[in-house]
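Note sheet for the following structure.
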Amino acid sequence: MAEAVFQNQIQKMDLTDFWEVESAALLEYHVGNDPEPRAIATLQKAGITDYSHIARKITTDDFYKFDWIFGMDEYIIHLLYDKQPKDSQAKIELLGRYDPAGIIVIRDPLFDVDSAGFEKAFQQALRSVCAFLEIHKVFFIFFLFNIYIHIYVSFFFKKKKRSSNGMNLCKINAIY
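This is how it looks when you write it as structure tokens:
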């Protein structure tokens, strides 16, 4: 569900050129499954109607491919740190760390008997994602400003070569 929230907010903020979002499972029993129907119903209720996903397991490559890997609770964070290769630069964080309401753990509602837990998890993820993107939007404005200045200096003064890297995507992997 956090992946869908990220994708939706990135689209709303017109940041799709800068972010790539995927989700993966730590536990094998999720692999190959569609999203939980109550999660889909919660997303649809919020207007996110185009989300589809087949669960996959996190890989070692994910720790090199993604800049951030979010977990929803301390246990998941612990497992992610255990799995992270020593030379990986991925930043592992609780997504709820960004929640302005101060609710750090996003509890997995999978085993709840109703949909109330999914609504709560959705609202927590939405607040956290919006805050995270707002914080990092400033970074991108600064980054784009520096690119513009660099291109301007390169074009008019020919003192510097244009970066061969171009713009880097910031990538996120949300783990449940």
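The sequence shown begins at 10 in the numbering used here and counts up one residue at a time.
Even for Gly, the Cβ is constructed at its ideal location relative to N, Cα and C.
Can you find at least 3 beta carbon pairs, one from the segment 45–57 and one from the segment 101–110, that sit closer than 8 Å?
No: fewer than three Cβ pairs fall under 8 Å.
Quick test of your reading: PHE131 and VAL14, contact by CB under 8 Å. State the CB separation rounded to the nearest angstrom.
Their Cβ separation, rounded to whole angstroms, is 7 Å, which keeps PHE131 and VAL14 in contact under 8 Å.
ALA33 by DSSP, collapsed to three states: which one?
ALA33 falls in the strand class under three-state DSSP.
Rounded to the nearest angstrom, what separates ASP23 and PRO94 at their Cα positions?
Each residue's Cα considered, the two are about 33 Å apart.
What is the DSSP secondary structure of ILE78, reduced to helix, strand or coil?
Residue state, collapsed to three classes: strand.
Could you tell me the alpha carbon to alpha carbon distance between PHE75 and PRO44, rounded to whole angstroms?
Looking at the two C-alpha atoms, the distance is approximately 22 Å.
Taking the alpha carbon of ARG65 as the point to measure from, which residue in VAL114, ILE49 and ALA34 has its own alpha carbon closest?
Answer by Cα proximity: ALA34.
Roughly how far, in whole angstroms, is the beta-carbon of ILE86 from the beta-carbon of ILE101, given that I think they are within contact range, below 8 Å?
That pair is a contact at about 6 Å.
If we ignore side chains and look at the alpha-carbon of each, how far apart do ALA134 and TYR73 end up?
Taking the straight line from one Cα to the other gives about 24 Å.
Is the Cβ-Cβ distance between ALA48 and ILE115 less than 9 Å?
No, the Cβ-Cβ distance between ALA48 and ILE115 is not below 9 Å.
In the DSSP output, which residue or residues are listed as bridge partners for GLU102?
Paired residue(s): PHE79.
Find the nearest neighbour of TRP77 within the set GLU29, LYS21 and PRO46, judged by alpha-carbon distance.
It is GLU29.
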